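Trainee: Submitted below is the structure of interest, expressed as structure tokens.
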Amino acid sequence: TALNKLMAEIQNTFKGLGLLIPYCWKKGEACVVRGSDTVWYRAKIVEVSGSTLQVQYIDRGYIESIPQCHLYPTTFYTSVPPFCIPCQLYKTLPIGNFWQQDAVDYLQELLKNEEVEIHVEELPDNPWGKLSISLYFGGMSLSSFMAYQKYCVAEDGQDIQKLGVFEGDLSPSYLLQPLPFPGETFPVTVTHLVSPKEVYICLDSSGNLTECSATERAASHDSESLNKALKWCNKIVKTLPHLTDFKKELPCLAEYVDGLWYRAKLLSITQLVPVQILVQFVDYGTYLVAPTSRLRHIPCHLLKYPVQAVRVLLAGFKPASDDKNVERIPYSPEWSLKALWTMMDCVEGKRLSASILTVSPEVTISLYGDDKNLVHLKLIEMGLAELDE
1 TALNKLMAEI QNTFKGLGLL IPYCWKKGEA CVVRGSDTVW YRAKIVEVSG
51 STLQVQYIDR GYIESIPQCH LYPTTFYTSV PPFCIPCQLY KTLPIGNFWQ
101 QDAVDYLQEL LKNEEVEIHV EELPDNPWGK LSISLYFGGM SLSSFMAYQK
151 YCVAEDGQDI QKLGVFEGDL SPSYLLQPLP FPGETFPVTV THLVSPKEVY
201 ICLDSSGNLT ECSATERAAS HDSESLNKAL KWCNKIVKTL PHLTDFKKEL
251 PCLAEYVDGL WYRAKLLSIT QLVPVQILVQ FVDYGTYLVA PTSRLRHIPC
301 HLLKYPVQAV RVLLAGFKPA SDDKNVERIP YSPEWSLKAL WTMMDCVEGK
351 RLSASILTVS PEVTISLYGD DKNLVHLKLI EMGLAELDE
């Protein structure tokens with residue numbers, strides 16, 4: 001980038017220490033400053049007070065007090081505009097008319113070095129003034145989020161309600177994933193197996209998108225946007241309230257065993273003391289029994305992304321009538337556990353493709369391995385399944 005090129009040029013021009021001889025610094029004067037990381041940065045003098053100067057890093061924005069020996073006056077690079085643009089949140093009034101330190105600390109932790117979306121609302125009257133902006137992270141308005149946290153008042157706060165099912169939301173629900181037309185072959189990954197015949201698939205967005213259908217391209221975009229939004233939600237998850245309503249199928253955020261939070265829905269209460277809830281992670285198909293401490297309200301903007309995992313039945317085979325393996329799947333005893341493990345080996349981590357046969361009453365597909373053969377042929381070879389015409 002242009003900033004990286006400029007920084008490299010500054011490092012080549014300035015070596016060693018700053019100006020060691022006495023110098024009469026003036027407010028607003030251009031200089032370069034040697035930071036605590038020993039890198040030279042463009043700066044300007046904000047305030048002069050004895051042997052220490054307050055400087056602002058003009059390409060970073062922040063202000064620091066620096067000993068004079070770490071500065072060097074220069075007129076180099078003054079023709080290059082600052083890469084840092086001062087901004088303020090549009091129609092946002094901090095409580096007490098100035099931002100409290102805990103709010104500033106929270107914003108630093110939330111936003112520093114993160115990629116966000118900026119909407120310019122008003123240009124300043126003075127070219128050196130602050131740009132009035134709306135800032136969005138993971139699809140959420142920062143002004144509305146900070147207002148919800150009681151750090152400020154957002155004059156234009158109509159989307160505070162969109163932050164989540166915090167209060168009074170009517171039965172929210174997830175959108176279903178649009179599927180390719182029957183007969184089309186499309187890449188998939190298997191995210192969860194219930195039995196050898198019943199699995200959850202995701203449209204695979206890792207391939208060459210130019211060769212993909214519009215449905216696959218849309219799924220790829222949704223998946224990427226959802227991952228970004230979930231990343232942000234994991235940063236703010238402690239600010240989201242715990243669930244108090246345990247209605248079946250209610251969308252929520254649930255903490256998985258890896259410590260991260262994912263989209264889920266409630267299925268049933270499995271235990272009353274202490275309360276344990278069976279949830280399903282809608283983007284994977286997997287299940288988890290979780291205490292209420294690991295369930296939180298879901299911000300409503302996460303409901304606009306279709307569920308990524310689709311439950312399907314695999315066509316062309318059925319349990320072997322003469323399968324002598326004693327160990328069976330408890331909830332699906334027509335299948336042996338060996339058949340389940342064998343199917344897992346056939347699909348886990350593999351590049352698969354699918355073709356939809358029917359969508360009603362249930363989505364039924366033919367599933368092919370990376371060798372283009374039907375995945376269930378291995379089970380038939382091993383006597384764990386038989387062909388189903």
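At position 337 of the sequence shown the residue is numbered 337 (full-length UniProt numbering), and the sequence of numbers has no breaks.
Glycine included, each C-beta is placed from N, C-alpha and C at the ideal position.
Model, not experiment: these values are computed from the prediction.
1) Determine contact between the region 372-381 and the region 302-321, defined as no fewer than three beta-carbon pairs at a distance below 8 Å.
2) Identify whether I21 lies in helix, strand or coil by the three-state DSSP scheme.
3) Alpha carbon to alpha carbon, how far is P333 from Y256? Give it in angstroms, no decimals.
4) How many Å lie between I277 and K304 at the Cα?
5) Name the two residues that bound the continuous alpha helix (DSSP H) containing W261.
6) Express the C-alpha separation of D323 and V237 in angstroms, rounding to a whole number.
7) Can you check whether the CB of V48 is closer than 7 Å to the CB of I66?
8) Expressed to the nearest angstrom, what Euclidean distance is found between the alpha-carbon atoms of A43 and I118?
9) Could you check where the beta strand (DSSP E) with A154 kicks off and where it finishes?
10) At the level of alpha carbons, what is the spacing between E167 and I10?
11) Expressed to the nearest angstrom, what Euclidean distance is found between the alpha-carbon atoms of S353 and T185?
12) Indicate the three-state DSSP secondary structure (helix, strand or coil) for R60 in the structure shown.
13) Quick check: what's the CA-CA separation for L17 versus T75?
14) For V273, tell me which candidate among T292, P124, D345 and Q101 has the shortest Cα-Cα distance.
15) What three-state label does DSSP hand W99 in the structure shown?
16) What did DSSP end up calling C84 once you bin it into helix, strand or coil?
17) Identify whether S141 lies in helix, strand or coil by the three-state DSSP scheme.
18) Looking at S141: is its Cβ nearer than 7 Å to the Cβ of E121?
19) Can you tell me the Cβ-Cβ gap for A309 and C202, rounded? I've got them flagged as a contact below 8 Å.
20) Looking at the structure shown, is E167 part of a helix, part of a strand, or coil, going by DSSP?
21) Could you spell out where the beta strand (DSSP E) holding E386 opens and where it closes?
22) Out of R263, Y287, W261 and Y262, which one is the CA nearest neighbour of T270?
Mentor: Taking the geometry as given:
1) Counting C-beta pairs closer than 8 Å gives three or more between the region 372-381 and the region 302-321, which meets the contact rule.
2) Residue state, collapsed to three classes: coil.
3) Annotation: Y256 to P333 spans about 28 Å, alpha carbon to alpha carbon.
4) Taking the straight line joining both Cα atoms gives about 24 Å.
5) Segment W261 to Q271 is the beta strand (DSSP E) holding W261; no alpha helix (DSSP H) there.
6) Near 48 Å, if we compare the C-alpha coordinates of D323 and V237.
7) No, these two residues do not count as a Cβ contact at 7 Å.
8) Here the C-alpha atom of A43 lies approximately 25 Å from the C-alpha atom of I118.
9) DSSP places A154 inside the beta strand (DSSP E), whose first and last residues are C152 to A154.
10) In this predicted model, E167 has a pLDDT of only 44, less than 50, meaning its place in the structure is not dependable; the value taken from the coordinates is given anyway. The alpha-carbon atoms of E167 and I10 are separated by roughly 53 Å.
11) When rounded, the distance between both Cα atoms is 6 Å.
12) For R60, the three-state secondary structure derived from DSSP is coil.
13) So the alpha carbons of these two residues sit roughly 18 Å apart.
14) If we check each option's Cα against that of V273, T292 comes out closest.
15) In the three-state reduction of the DSSP assignment, W99 falls in the coil class.
16) In the structure shown, C84 adopts coil according to DSSP, grouped into three states.
17) Three-state result, S141: strand.
18) Result no, Cβ atoms of S141 and E121 do not sit closer than 7 Å.
19) Contact holds; Cβ gap of about 6 Å.
20) Residue placement at E167 cannot be trusted, given a pLDDT of 44 that sits under 50; what the coordinates show is reported in the next sentence. The answer is coil: DSSP assigns E167 none of H, G, I, E or B.
21) The continuous beta strand (DSSP E) containing E386 extends over residues A385 to L387.
22) The candidate whose alpha carbon is nearest that of T270 is Y287.
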